[in-house]
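See below for the structure under consideration.
Residue numbers (the numbering used here), protein chains in the order written: chain P, 7 to 346; chain G, -11 to 434.
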């Protein structure tokens, strides 16, 4: 039956899914920013995510904190093992954050170009590297019997992980373009829906390749999956969401298209989580060395306390986040009062 | 070349958190100031406060984003650089960090967006509510981070078993002996920082002859507010914190106060030049019996000195002593400066005394320095322990990260933070020079 460890596995999955949906479109908008045509379009990009990006990023921080609290050895082993990659992600996130605030503060075009690049690359790099990290965890990382990471930085850049990195990039790109269709109209919205369609095609092709590759690279993930009901639920919803997205887009139902791509993200994370469970970090040296929800967890007391904190705090968070999105619903209009 | 991963990890941690810690006190102080200003603007429908709110909210936005950007590193750094620590104390230490995310980061980040982007979109009441939530969130954030750090200082509510520290009582761990007093001490320090930031900026505008009511009213508000919070920092907060350190971490107290040999009638050292190995003090000015009285309420009381502890369990003397004494001296200066301002305000000369206004401008960075020094005294004074008398710092670092990798990240973050620090000062000065009268120009001009 469902125990505390499993609940926390699921809750951390929820936090990282929340991050992927919400900051996912910020990252996508940041990548699209590299292709924006003029200052007005760039300001629309930044102001479109302006009221919400900071709150969106908190899902990552809280996910990190929750991972630390619920599964300390996972937090310690993965982040110290992926040391240089983590430093790159952190650098990118720092530059992305400040460029949003800094860009509008000075009028010169050189200054703005600097922060446009910083915002774009600061979004592109995490959009790829989060996928690379997931890819590595799916295929397993070299941890020994003591739970010590034995790999290197370049070992992380294997073909499978890079493929998953590209997959996450096109997924966030599609998601970000769909978000922008909600925030723009006219020619710009048309271009954004073209981006979303293009990313959708790329997503399907890469997703197909990645699934095929998984049979060879991470066969351990598939064992026993077919007997898990949740696996089928996520799979069916994933297929439905992927198929429905371009239909909604073509019909001009932009919000539904955005919801479809959000559902795609939920199902992707869900499928990965169901396949991994009860492992959190499979060991590529010997599956018996894997970090699992049972051998890498905090005490039941801590998990209980944390559950109380989550049950008190998260409904409130979701409540005001919902409210804020409603308050800032609609097209982004650039005026003298725009903050960015 | 032999590089020491422990030393390098400590340098990196000191650098990343030291830089991060510039911004939260300013943000907390400015946010609470804006809560007052926006309230006045809303309730009195007074244009002066509305413009004051707009002006200072631009400074808050730049400060806040740097706090966010540099704070991301902190959430992951325990895992990247202190993996052994994370494994050993994760059962206790992770919960406050997660709670900070759930109860504080979401609140302050979400509502900062509402505050900055909602001024002309939301009702005035809701807009005020958004800055209130930012301010409340920043305080909750301070609370949980101080819970985590105070547990390192005075661990409680745990037992060592299964090769790790395991939680036995959550409330004991959260409200460990130093949490509440360190919380009040630190939050009050942030309010002082905010008061001096507002006062200094307002003084600058007056010196530049922006004869606006915004600057005058901001100055008056911040002087009165600043005097209250500066006095509170001396008593009860600063004093009570020192008493707590005396009771729970006597080595740290000895190093901070410069007490080499334990004694009754222990003196308070007002001034001294410290040196290490062996720890000693020269050119000492001291008042006999005062330390005994302050720490234990009795001039006869015995206060332990550094020599009462094993030499490998006492903190570095020089840094602890100097940072603590400089912080206290700055604290006294804050009271004096704000008291003088209040006196000038009472005599109705506050806005004309140019020398005093200049003093305020140059005082802007001083509370930030005092915050950093207080943190150095607290953290260096805890050494050689990462968790006081439970785990040594040397045993806490990641074993799989090489010294070269840490050196690389130190250089990387060193350069980034230097760049960001310069930009922060540039942008803040630029916004201040624009003054409170103009709106910022967003179009490309070049």
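In this text, a Cβ means the ideal position worked out from N, Cα and C, and glycines have one as well.
Integer-rounded CB distance, given that residue j should sit under 8 angstroms from residue i
i                      : j                      : result
residue 279 of chain G : residue 318 of chain G : Their Cβ separation, rounded to whole angstroms, is 20 angstroms, which puts residue 279 of chain G and residue 318 of chain G out of contact at 8 angstroms.
residue 351 of chain G : residue 188 of chain G : 6 angstroms
residue 274 of chain G : residue 255 of chain G : 4 angstroms
residue 73 of chain G  : residue 66 of chain G  : 6 angstroms
residue 416 of chain G : residue 47 of chain G  : 6 angstroms
residue 181 of chain P : residue 88 of chain P  : About 24 angstroms; that fails the 8 angstroms criterion.
residue 68 of chain G  : residue 359 of chain G : Residue 68 of chain G to residue 359 of chain G, Cβ: 25 angstroms. No contact.
residue 106 of chain P : residue 177 of chain P : About 22 angstroms separates the two Cβ atoms, so there is no contact after all.
residue 244 of chain G : residue 312 of chain G : 4 angstroms
residue 293 of chain P : residue 226 of chain P : 6 angstroms
residue 391 of chain G : residue 85 of chain G  : Wrong, their Cβ atoms sit about 27 angstroms apart, outside the cutoff.
residue 292 of chain G : residue 372 of chain G : Incorrect: roughly 17 angstroms between the Cβ atoms, too far for contact.
Top-ranked residue by Cα proximity to residue i, from the options
i                      : options                       : result
residue 154 of chain G : G:145, G:162 and G:160        : G:145
residue 436 of chain G : G:42, G:312 and G:98          : One cannot answer for residue 436 of chain G here, as it falls past the ends of chain G, which runs -11 to 434.
residue 322 of chain G : G:81, G:156, G:219 and G:68   : G:219
residue 306 of chain P : G:-4, G:79 and G:28           : G:79
residue 90 of chain G  : P:336, P:327 and P:15         : P:327
residue 164 of chain P : P:141, P:225 and P:324        : P:141
residue 37 of chain P  : P:314, P:46, P:166 and P:174  : P:174
residue 120 of chain P : P:60, P:201 and P:45          : P:45
residue 276 of chain G : G:377, G:158, G:247 and G:0   : G:247
residue 163 of chain G : G:100, G:143, G:271 and G:178 : G:143
residue 65 of chain P  : P:221, P:135, P:20 and P:224  : P:20
residue 242 of chain P : P:55, P:321 and P:270         : P:270
residue 189 of chain P : P:320, P:260 and P:234        : P:260
residue 285 of chain P : P:71, P:313 and P:144         : P:144
residue 34 of chain G  : G:121, G:229 and G:202        : G:202
residue 220 of chain P : P:169, P:49, P:25 and P:210   : P:169
residue 310 of chain P : G:157, G:330, G:17 and G:368  : G:157
Same chain only: Cβ atoms within 8 angstroms of residue i, ignoring 5 sequence neighbours per side
i                      : result
residue 346 of chain G : 191 and 195
residue 236 of chain P : 276 and 280
residue 92 of chain P  : 85
residue 253 of chain G : 276, 277, 280, 287 and 288
residue 215 of chain P : 169
Residues near residue i by beta carbon distance below 6 angstroms, same chain, minus five either side
i                      : result
residue 54 of chain G  : 11 and 412
residue 435 of chain G : Nothing in the structure corresponds to residue 435 of chain G, since chain G is present only between -11 and 434.
residue 210 of chain G : 183, 186 and 187
residue 339 of chain G : 194 and 204
residue 57 of chain P  : 334
residue 127 of chain P : none
residue 23 of chain P  : 272 and 275
residue 259 of chain G : 273
residue 306 of chain G : 262 and 264
residue 427 of chain G : Legend: pLDDT at residue 427 of chain G = 48, less than 50; position of this residue unreliable, no value from coordinates given.
residue 348 of chain G : 187, 188 and 191
residue 230 of chain G : none
Contacts around residue i, its chain only, beta-carbon distance under 7 angstroms, and the 5 residues preceding and following it disregarded
i                      : result
residue 254 of chain P : 262, 263 and 266
residue 81 of chain G  : 136 and 139
residue 116 of chain G : 26, 27 and 30
residue 432 of chain G : Low local confidence applies: a pLDDT of 42 at residue 432 of chain G is under 50, so the model's placement there is unreliable, and no value is given.
residue 326 of chain G : 211, 214, 215 and 218
residue 375 of chain G : 77, 140 and 143
- prompt: If we count Cβ pairs, one from each stretch, closer than 8 angstroms, do we get three or more for the stretch 202 to 215 of chain P versus the stretch 245 to 252 of chain P?
  reply: yes
- prompt: Mind listing which residues of the stretch 7 to 38 of chain P have their C-beta closer than 8 angstroms to chain G's C-betas, in chain order?
  reply: none
- request: Would you check if the stretch 157 to 171 of chain P and the stretch 299 to 307 of chain P touch, i.e. whether three or more CB-CB distances between them fall below 8 angstroms?
  value: no
- prompt: When Cβ atoms are compared, which residues of the stretch 302 to 324 of chain P fall closer than 7 angstroms to chain G?
  reply: 304, 305, 307, 308, 311, 312, 315, 316, 319, 320 and 323
- prompt: Are the stretch 90 to 109 of chain P and the stretch 57 to 77 of chain G touching, with three or more C-beta to C-beta distances below 8 angstroms?
  reply: yes
Interface positions of the stretch 208 to 242 of chain P facing chain G (Cβ-Cβ less than 9 angstroms), listed along the chain: none
task: Below 9 angstroms between beta carbons is the criterion; list the residues of the stretch 104 to 115 of chain P that meet it against any residue of chain G, in chain order.
output: 104, 106, 107, 108, 110, 111, 112, 113, 114 and 115
message: Below 8 angstroms, how does it come out for the stretch 70 to 89 of chain P and the stretch 12 to 24 of chain P: are there three or more Cβ pairs, yes or no?
response: yes
query: Which of the residues in the stretch 67 to 90 of chain G, read from start to end, lie with their CB under 9 angstroms from any CB of chain P?
result: 67, 68, 69, 70, 71, 72, 73, 74, 75, 76, 77, 78, 79, 80, 81, 82, 83, 84, 85, 86, 87, 88, 89 and 90
message: Measuring CB atoms only, is the stretch 93 to 111 of chain G touching the stretch 155 to 168 of chain G, in the sense that at least three cross pairs come out at less than 8 angstroms?
response: no
field: Proximal residues, the stretch 45 to 73 of chain P versus chain G, C-beta separation under 9 angstroms
entry: 45, 49, 53, 56, 57, 58, 59, 60, 61, 62, 63, 64, 65, 66, 67, 68, 69, 70, 71, 72 and 73
Chain G contacts from the stretch 278 to 290 of chain P (Cβ-Cβ distance under 9 angstroms): none
task: Compile a chain-ordered list of the residues in the stretch 89 to 104 of chain P whose CB is closer than 7 angstroms to at least one CB of chain G.
output: 89, 90, 92, 93, 96, 97, 99, 100, 103 and 104
field: Interface residues of the stretch 23 to 52 of chain G facing chain P [CB-CB below 7 angstroms]
entry: 49 and 50
Near-chain P residues of the stretch 369 to 393 of chain G - C-beta to any C-beta below 8 angstroms: 386, 387, 388, 389 and 393
message: Taking beta-carbon pairs under 7 angstroms, can you tell me which members of the stretch 146 to 173 of chain P lie near chain G?
response: 154 and 155
- prompt: Which residues, in chain order, does the stretch 174 to 205 of chain G contribute to contact with chain P at a C-beta distance below 8 angstroms?
  reply: none
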